[in-house]
Amino acid sequence: MDGERWRDPRACARGQPVVASQNALERSGGSLKRRAAIGVVAASAAAVLLRRPPSALARATPVTKPIPSSGETIPVVGLGSWITFNVGDDTELRDECAAVMQAFFREGGRLIDSSPMYGSSQDVIGYGLAKLGRPPTLFSADKVWISSGSRGPEQIEQSRTLWGVRRFDLLQVHNLLDWEDHLPTLFAMKAEGRVRYVGVTTSEGRRHEEMEKIMKSQPIDFVQVTYNVLDRAVEQRILPLAQERRIAVIANRPFRQGALIRQVERQRLPTWAAELGAASWAQFLLKFIVSHPAVTCAIPATSKVAHVVENVNAGTGPLPDAALRRRMAAYVEAL
Amino acid sequence: MSEWWKYTISDFLLFSPRTYYRLIERYNEAVWPGQLATLALGVVILKLLYRPASERRRVIAGIVFVLWAFVAVAFLWKRYATINWAATCFAWLFLIEAVLLVRLTYRARSDFVGRLGMGLFVFSLAVYPLLAPLLGRGLRQSEIFGVAPDPTVLATLGLLLMAEQPPRWWTLAVPLIWCLVSGALLWAMGSPEVWILVAAAILVVVARGIDRWRATVIAPAQKS
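These protein sequences, in sequence, are chains A and B. For the first sequence, position 119 (counting from the first letter as 1) is numbered 119 according to the working numbering, and the numbering increases by one without interruption. Converting from the second sequence to the working numbering requires adding 1000 to each position, the first position being numbered 1.
Structural data, given as structure tokens:
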């Protein structure tokens, strides 16, 4: 992705310059990247050896990538809310979700994604945001999910109220449901300044042909698709098209709803994972996703503070180059 | 739903097992000691099944109506809907079923189908609440007849096998659909109770088939 940059969001907020460009790192070759990884590897290894949580270490700088349509950068690891944040009115679980959000923001995370389909998740996010004093770094991503185009604005307004935000940063048509009716509404909202970005979503490889059609014909800013080390169908057409059309990509189901982690965690992490600064399988899998040049952000969901810290920190330090990505995929496929 | 073949049961799971069973636990706390009352009503039904028709008809139907309506409102509508947007639809279905069940009368039967029904009813009343502690979830997360939907539906299926008039298919529809839906949920959550719901649904369908076969084939043949 041309001009793709990795920034420290805290530095960005202060208007400070770019830390490194991904192209430069892609060109730099494995040896340089390995040398660059030493510091992160040492920190990760220390965390493992000393059995200390990652938060106990000095905080690393989250890698960011730009949204192609605007150039605005966001950290490459966001936070999903499917299942994990649907806890109803259970105060104890709501507080746990708020603690996850607190750790997410503390580690430099910004993008939180939800949908009216996710039960009480929007309400729980609103609860967490209120409890945390509405962090100004939040990048709010929600969806419209209703089969009637005329009822879309009403649902969006209800979602906005549940989140307690002035406006959403990103609104997406969930699973392409009635997208022909919803997209004009979202584009009109964008023109009026009531949302900053517009997108569409799908998951688990469904309706890719229709998504391609939308990507080619509609001025969308984001697409959200399933992409992980084993589900790589989008590499064939969707991701190249996103690069060509300058559309940001959010990768959902990075761990196949936890199944991928359970599948691989019985095996030891390869020794060469240390070159990436990946101290765990979760970090290994996330680094694979967000290192694809077309992918802007991955959105793992979790209900555990330790996991969100681990996830956000996967978006720090070096990312694998194309050769290493192939090795990662082959390794996991062979398990 | 396009490309429906790409969906799996787990795609429809909206919450974690921990959230679901904590919901049951908090619901149990909220309605306590109502569980004692519903279990007592279950015992009353059990006794009335052996009493003369005039006594049992209205009382059993009334109790069943109240319990289905209670589960619909107190659990499905007020609690479950907070984590499952489809629960409100099921609350309506449970209320409709409550009305449908009012018209039926029941008696203990000594034939195979009747014994099966009695066995299912007693299991739902006495054994189902013990599954949670036996499976390591603790007594607080027990699902009780007349309070939680699964044992209430199972017990009702047992009663329907003891109905004096063979129930119409639409009376069986809601309990069987619930077995399917709740079974899918339990499957996605990895809860072993799924097999109880599936087995009960299959047994009830087979038993109703046997009953219908007896009524339409065997009985007319014997008369002639």
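Just so you know, even glycine gets a beta-carbon here, dropped at the ideal spot from N, CA and C.
Problem set entry | Buried or exposed (CB count within 10 angstroms, at least 16 for buried), residue 317 of chain A | Label assigned to residue 317 of chain A: buried.
Exercise. What's the C-alpha gap between residue 1080 of chain B and residue 1021 of chain B?
Worked result: Residue 1080 of chain B and residue 1021 of chain B: Cα-Cα distance of roughly 11 Å.
For this session: Have a look at residue 1190 of chain B and residue 1114 of chain B and give me their C-alpha separation to the nearest angstrom.
Result: Approximately 32 Å, taken between the alpha carbons.
Problem set entry | Outcome for residue 62 of chain A when other beta-carbon atoms lying within 10 angstroms are tallied against a minimum of 16 | Residue 62 of chain A comes out buried.
Problem set entry | chain B residues whose Cβ lies nearer than 9 Å to that of residue 83 of chain A | By Cβ distance, chain B contributes 1013, 1014, 1015, 1016 and 1019.
Exercise. Residues of chain A with CB under 9 Å from residue 1010 of chain B, in chain order?
Worked result: Here the neighbours are 257 and 259.
For this session: Report buried or exposed for residue 1012 of chain B, applying the criterion of at least 16 other Cβ atoms within 10 angstroms of its Cβ.
Result: Residue 1012 of chain B should be labelled exposed.
Exercise. Going by DSSP, what residues sit across from residue 225 of chain A in a beta bridge?
Worked result: Paired residue(s): A/251.
Exercise. Cβ of residue 87 of chain A less than 7 Å from any chain B Cβ?
Worked result: Under the 7 Å criterion on CB atoms, residue 87 of chain A is classed as interfacial with respect to chain B.
For this session: To the nearest angstrom, report how far apart residue 1100 of chain B and residue 102 of chain A are at their CA atoms.
Result: Rounded to whole angstroms, residue 1100 of chain B to residue 102 of chain A spans 50 Å at the Cα level.
For this session: Using a Cβ cut-off of 7 Å, pull out every chain B residue sitting near residue 120 of chain A, in sequence order please.
Result: Residues of chain B passing the Cβ test: 1082 and 1083.
For this session: Could you spell out where the alpha helix (DSSP H) holding residue 62 of chain A opens and where it closes?
Result: Note, residue 62 of chain A: premise wrong, no alpha helix (DSSP H); not H, not E.
For this session: Consult DSSP for residue 120 of chain A and reduce its assignment to one of helix, strand or coil.
Result: Correct three-state label for residue 120 of chain A: coil.
For this session: Output, in chain order, the set of chain B residues within a Cβ distance shorter than 8 Å of residue 113 of chain A.
Result: None at all; the shortest Cβ gap to chain B is about 16 Å.
For this session: Kindly list, in the order they appear in chain A, the residues whose Cβ is closer than 8 Å to that of residue 1185 of chain B.
Result: The contacting residues do not exist; residue 1185 of chain B stays about 13 Å from chain A at best.
Problem set entry | The beta strand (DSSP E) enclosing residue 73 of chain A, as first and last residue numbers | Start and end: 73 to 75.
Problem set entry | Residues from the segment 90 to 108 of chain A in contact with chain B, defined by Cβ distance under 7 Å | For the segment 90 to 108 of chain A, which is checked against every Cβ of chain B, the residues closer than 7 Å are 90 and 93.
Exercise. In terms of DSSP beta bridges, what is residue 1144 of chain B paired with?
Worked result: Paired residue(s): none; residue 1144 of chain B is not in a bridge.
For this session: With DSSP collapsed to three states, give me the class of residue 1215 of chain B.
Result: Residue state, collapsed to three classes: helix.
Exercise. Is it buried or exposed for residue 109 of chain A, if we count other Cβ within 10 angstroms and need 16 for buried?
Worked result: Around the CB of residue 109 of chain A, 16 or more other CB atoms lie within 10 Å, so the residue is classed as buried.
Exercise. For residue 208 of chain A, which option in A/196, A/185 and A/241 has the closest C-alpha, if you only look at C-alpha atoms?
Worked result: For the residues A/196, A/185 and A/241, the minimum Cα distance to residue 208 of chain A belongs to A/241.
For this session: Note down the Cα distance separating residue 193 of chain A from residue 1155 of chain B, rounded to an integer number of angstroms.
Result: Their Cα atoms are separated by approximately 56 Å.
Problem set entry | the segment 1023 to 1035 of chain B: positions lying closer than 7 Å to chain A by Cβ | Within the segment 1023 to 1035 of chain B, the residues whose Cβ lies closer than 7 Å to some Cβ of chain A are 1023 and 1026, listed in chain order.
Exercise. Looking only at C-alpha atoms, which of B/1201, B/1127, B/1131 and B/1136 sits nearest to residue 1179 of chain B?
Worked result: For residue 1179 of chain B, the closest alpha carbon among the candidates B/1201, B/1127, B/1131 and B/1136 is that of B/1201.
Exercise. Should residue 1209 of chain B go down as buried or exposed, given a rule of 16 or more other Cβ atoms within 10 Å for buried?
Worked result: Exposed is the label assigned to residue 1209 of chain B, since fewer than 16 other Cβ atoms lie within 10 Å of its Cβ.
Exercise. If you draw a straight line from the C-alpha of residue 112 of chain A to the C-alpha of residue 1124 of chain B, how long is it?
Worked result: C-alpha separation (whole angstroms): 43 Å.
Exercise. DSSP on residue 1138 of chain B, reduced to helix/strand/coil?
Worked result: Taken through DSSP and simplified to helix, strand or coil, residue 1138 of chain B comes out as coil.
Problem set entry | Outcome for residue 1216 of chain B when other beta-carbon atoms lying within 10 angstroms are tallied against a minimum of 16 | Residue 1216 of chain B comes out exposed.
Problem set entry | Per-residue DSSP class, three states only, for residue 29 of chain A | Per-residue confidence for residue 29 of chain A stands at a pLDDT of 34, beneath the threshold of 50, marking its modelled position as unreliable; the derived number appears in the next sentence. Residue 29 of chain A falls in the helix class under three-state DSSP.
Problem set entry | Inter-residue Cα distance where the pair is residue 1112 of chain B and residue 1052 of chain B | Residue 1112 of chain B and residue 1052 of chain B: Cα-Cα distance of roughly 21 Å.
For this session: May I have the straight-line CA-CA distance separating residue 268 of chain A from residue 329 of chain A, to the nearest angstrom?
Result: Looking at the two C-alpha atoms, the distance is approximately 15 Å.
Problem set entry | Local conformation of residue 143 of chain A per DSSP, three classes | It is a strand residue.
For this session: Sort A/150, A/222 and A/263 by Cα distance to residue 74 of chain A and report the nearest one.
Result: Of A/150, A/222 and A/263, the residue nearest in Cα terms is A/222.
For this session: Just mark residue 1158 of chain B as buried or exposed, buried being the case when its beta carbon has 16 or more other beta carbons within 10 Å.
Result: For residue 1158 of chain B, the number of other beta carbons within 10 angstroms of its own is at least 16, and it is reported as buried.
Problem set entry | Nearest-angstrom Cα separation, counted from residue 1074 of chain B out to residue 243 of chain A | Rounded to whole angstroms, residue 243 of chain A to residue 1074 of chain B spans 51 Å at the Cα level.
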